[in-house]
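Per my numbering, the very first residue in the sequence shown carries number 19; after that it's consecutive.
Even for Gly, the Cβ is constructed at its ideal location relative to N, Cα and C.
As the structure is a prediction and not an experimental result, all values here were calculated from the model.
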Amino acid sequence: MQPITRLLCASILAVMSPLAWANDTNLQARHQWHEGIATGYQLLTTQTGELAESARGYCENPAKDSRARLERAWLDAFLAWQRVRFVDFGPVENNNLSWQFQFWPDPKNLIARKAAYLIGSDKPITTQVISQSGVAVQGFPMMEYLLFDQQLNAGDNALPAARTCELLTNVATHVKSNSDELRAGWQAFRPHYLETDQYRDTTIRAGMATLEIMEERRLARPMGLRGNGKRNPYITDAWRSGNTPMTVEATVDGLRQFFLPGLAALLEAKGESGLAERIRKQFGEVQQNFPGAHLPMATALNEEGQFRVLQSLYVDISQLTTLVNDQAAVALGVVRGFNSSDGD
Numbered sequence: 019m020q021p022i023t024r025l026l027c028a029s030i031l032a033v034m035s036p037l038a039w040a041n042d043t044n045l046q047a048r049h050q051w052h053e054g055i056a057t058g059y060q061l062l063t064t065q066t067g068e069l070a071e072s073a074r075g076y077c078e079n080p081a082k083d084s085r086a087r088l089e090r091a092w093l094d095a096f097l098a099w100q101r102v103r104f105v106d107f108g109p110v111e112n113n114n115l116s117w118q119f120q121f122w123p124d125p126k127n128l129i130a131r132k133a134a135y136l137i138g139s140d141k142p143i144t145t146q147v148i149s150q151s152g153v154a155v156q157g158f159p160m161m162e163y164l165l166f167d168q169q170l171n172a173g174d175n176a177l178p179a180a181r182t183c184e185l186l187t188n189v190a191t192h193v194k195s196n197s198d199e200l201r202a203g204w205q206a207f208r209p210h211y212l213e214t215d216q217y218r219d220t221t222i223r224a225g226m227a228t229l230e231i232m233e234e235r236r237l238a239r240p241m242g243l244r245g246n247g248k249r250n251p252y253i254t255d256a257w258r259s260g261n262t263p264m265t266v267e268a269t270v271d272g273l274r275q276f277f278l279p280g281l282a283a284l285l286e287a288k289g290e291s292g293l294a295e296r297i298r299k300q301f302g303e304v305q306q307n308f309p310g311a312h313l314p315m316a317t318a319l320n321e322e323g324q325f326r327v328l329q330s331l332y333v334d335i336s337q338l339t340t341l342v343n344d345q346a347a348v349a350l351g352v353v354r355g356f357n358s359s360d361g362d
């Protein structure tokens with residue numbers, strides 16, 4: 019009986035070991051993802067703090083150099099958000115935080131209308147007013163409008179007008195507060211995230227959805243490759259500041275830093291090392307295209323030479339999307355889900 023018992027135990031271990039090993043790999047991937055995203059949220063908190071400080075500094079002492087610091091601080095903070103924008107689950111879902119950071123798309127130009135209403139009102143613009151004014155007021159696009167909109171900056175309400183400064187500084191404070199809340203919430207979320215197996219697929223689907231949005235909504239539609247076939251820079255994000263390609267680059271960089279390591283680890287554990295390496299290489303191909311694409315979207319769409327650079331970038335992102343959303347997802351058994359971020 020003893021040899022039979024040993025054989026039975028060995029058989030059970032042979033069956034169970036791959037499952038236990040797989041679970042351990044999944045846990046390691048979630049650990050990598052959590053740590054990476056925590057790093058991204060920490061950077062967001064740091065940059066939004068500098069933005070809030072720069073906004074106060076400029077409005078207290080308007081000058082050419084303080085304006086330049088403010089515009090740079092806005093861009094740095096907005097790019098920090100783009101790097102973690104792919105995370106569409108967990109604490110960022112609370113109170114529509116993702117929409118508070120970035121209200122987009124804005125086909126009805128609600129941001130400009132809300133700004134005009136608040137600036138034209140006699141009531142003080144406070145942090146409480148901002149928190150009650152809706153997502154179109156509360157985030158980076160509102161600050162971009164105040165800083166870069168040509169029509170606004172040609173009129174009497176151009177910064178550093180008092181009411182416009184009130185709006186700017188309180189929105190910046192609101193964004194900083196939300197960044198602190200998001201960072202703390204993500205740390206508190208850690209045990210649940212690590213203990214819950216379904217977050218493996220949830221995280222992968224978040225990366226997949228982000229790639230789809232980049233390909234279709236942030237590039238193909240503005241380029242006229244979808245819809246009515248007309249090129250339109252005004253449906254992109256960050257069009258007022260002329261930084262649309264830089265925001266796409268930041269999203270790609272965030273995926274490469276915070277999403278790819280866990281994805282590659284899972285693929286390698288499945289015996290798909292070749293696919294993991296192709297995805298790494300494709301991320302590199304995408305990023306090599308960006309230096310030539312660092313120009314306003316309107317310029318890239320109107321000048322044929324620059325449009326070809328944009329086309330090359332689009333092709334590389336499309337190939338990356340295919341590798342991740344089709345090949346990697348199939349290899350890992352991930353079913354594409356509904357994307358709550360893809361809506362008006």
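**OP:** May I have a chain-ordered list of the alpha helix (DSSP H) segments no shorter than 4 residues that lie completely inside the segment 289 to 355?
**Re:** 291 to 306, 315 to 320, 322 to 339, 347 to 350
**OP:** Would you kindly work out how many angstroms separate the C-alpha atoms of Thr269 and Arg103, rounded to a whole number?
**Re:** 7 Å
Subject >> Buried or exposed (CB count within 10 angstroms, at least 16 for buried), Tyr59 >> reply: buried
Original post:
Does the pairing of the segment 218 to 235 with the segment 276 to 287 give three or more beta-carbon distances under 8 Å?
Top reply: yes
Subject >> For Ser259, the first and last residue of its enclosing alpha helix (DSSP H) >> reply: Segment: none, Ser259 is in no alpha helix (DSSP H) and carries neither H nor E.
**OP:** Please report the residue range of the alpha helix (DSSP H) in which Ser84 lies.
**Re:** 82 to 102
Original post:
With 16 other CB atoms within 10 Å as the buried threshold, where does Lys368 fall?
Top reply: Residue coverage of the chain in this structure runs from 19 to 362, which leaves residue 368 outside it and unanswerable.
Subject >> Minimum C-alpha distance to Leu128 - residue among Gly152, Glu303, Ile148, Leu273 >> reply: Gly152
**OP:** Taking 8 Å as the cut-off, decide whether the C-beta atoms of Leu164 and Leu136 are in contact.
**Re:** no
Original post:
Can the beta-carbon of Phe308 be found closer than 8 Å to that of Leu338?
Top reply: no
Subject >> Beta-carbon gap between Tyr252 and Arg48 smaller than 8 Å >> reply: no
Original post:
How would you write the range of the alpha helix (DSSP H) that Trp117 sits in, first residue to last?
Top reply: 115 to 119
Original post:
Between the C-alpha atoms of Gly292 and Pro142, what's the straight-line distance to the nearest angstrom?
Top reply: 60 Å
Subject >> When His312, Pro314, Arg296 are compared against Thr340, the one with the closest alpha-carbon >> reply: Arg296
Subject >> Close beta carbons around Ala176, own chain, < 8 Å, minus the five adjacent residues each side >> reply: Leu170, Thr182
Original post:
Between the segment 191 to 199 and the segment 226 to 243, do at least 3 Cβ pairs fall closer than 8 Å?
Top reply: no
Original post:
According to the neighbour-count rule (16 or more other Cβ atoms, all chains shown, within 10 Å of its Cβ), is Asp52 buried or exposed?
Top reply: In the sequence under discussion, the amino acid at residue 52 is His, which differs from the Asp named in the question. His52 comes out buried.
**OP:** Measure the alpha-carbon distance for Val353 versus Pro263 and round it to whole angstroms.
**Re:** 30 Å
Subject >> Cutoff 8 Å; reference Thr43; Cβ partners in own chain excluding five residues on either side >> reply: Ala283, Leu284, Ala287
Original post:
So, helix, strand or coil for Asn188, using DSSP?
Top reply: helix
Original post:
For Trp122, does the three-state DSSP call read helix, strand or coil?
Top reply: coil
Original post:
Is there a Cβ from chain B that is less than 8 Å from the Cβ of Asp344?
Top reply: The chain labelled as chain B is not found in the depicted structure, where only one protein chain is given.
Subject >> Contact belief for Thr265 with Leu97 at Cβ below 8 Å, rounded distance in angstroms >> reply: 7 Å
Original post:
For Leu170, does the three-state DSSP call read helix, strand or coil?
Top reply: helix
Subject >> Candidates Gln345, Asn113, Asn246, Ala318, of which the one nearest Glu290 by Cα >> reply: Gln345
Original post:
Leaving out the 5 sequence neighbours to the left and right, which residues in its chain are closer than 7 Å to Lys299 when beta-carbon positions are compared?
Top reply: none
Original post:
Which of helix, strand or coil does DSSP assign to Ser149?
Top reply: helix
Original post:
In whole angstroms, what is the alpha-carbon distance linking Phe121 and Val189?
Top reply: 13 Å
**OP:** Whole angstroms is fine: what's the gap from Val304's alpha carbon to Ser330's?
**Re:** 9 Å
Original post:
With a Cβ-Cβ cutoff of 8 Å, do Leu93 and Ala73 count as a contact?
Top reply: no
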